[in-house]
Amino acid sequence: MKTRNFLFILALVLAAFNLRPGITSVSPVLHTLTDQLQMSSAAVSLLTSIPLICIGFCSLLAGRLAQRYGIEKTITIFIFIIGISTFLRFFANHSVSLLITSLLIGAGIGIVSPLISGFIKKYFPKKVS
Numbered sequence: 286m287k288t289r290n291f292l293f294i295l296a297l298v299l300a301a302f303n304l305r306p307g308i309t310s311v312s313p314v315l316h317t318l319t320d321q322l323q324m325s326s327a328a329v330s331l332l333t334s335i336p337l338i339c340i341g342f343c344s345l346l347a348g349r350l351a352q353r354y355g356i357e358k359t360i361t362i363f364i365f366i367i368g369i370s371t372f373l374r375f376f377a378n379h380s381v382s383l384l385i386t387s388l389l390i391g392a393g394i395g396i397v398s399p400l401i402s403g404f405i406k407k408y409f410p411k412k413v414s
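Under the working numbering, the first residue of the sequence shown carries the number 286, and numbering increases by one thereafter.
Okay, structure coming up:
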């Protein structure tokens with residue numbers, strides 16, 4: 286396998302591992318978060334729904350961003366935003382900071398998810414059997 290193809294496959298795997306933890310990591314600790322941060326029911330529901338709303342709306346912008354900045358740069362920037370936002374959740378000591386990281390994670394996933402298929406099509410146009 287060529288080094289370039291190996292790096293692209295590695296990047297895809299790393300991107301795939303980075304997309305879902307921002308959303309799925311909240312559910313197991315939801316009760317602890319609500320108790321320790323004294324979050325209201327409305328804030329908790331926003332914490333779990335903001336990423337999904339952002340995924341829906343931001344996916345509409347993915348194509349425009351990729352055309353303007355390039356698919357590779359757009360994916361890289363938003364994977365970085367997802368990773369940093371997920372990391373910052375460790376230091377969140379207020380419900381507002383959790384909501385902001387949820388917004389950034391949802392926006393990042395909304396941008397990256399539709400672009401990954403275009404990335405694969407661009408760099409691996411032939412069907413592998």
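C-beta atoms are modelled at their ideal positions from N, C-alpha and C, and glycine is treated no differently.
All figures in this text were calculated on a predicted structure; none of them were measured in a lab.
| Check | Outcome |
| --- | --- |
| Cβ distance (whole Å) where residue 363 is taken to contact residue 311 below 8 Å | No, residue 363 and residue 311 are not in contact; Cβ-Cβ is about 19 Å, not under 8 Å. |
| Status (buried if at least 16 other CB within 10 Å, exposed otherwise) for residue 376 | exposed |
| Segments assigned alpha helix (DSSP H), at least 4 residues, entirely inside the region 307-376 | 315-322, 326-343, 347-354 and 356-373 |
| Whole-angstrom C-beta distance between residue 394 and residue 336, which should lie under 8 Å | 7 Å |
| Backbone secondary structure at residue 378 - three-state DSSP | coil |
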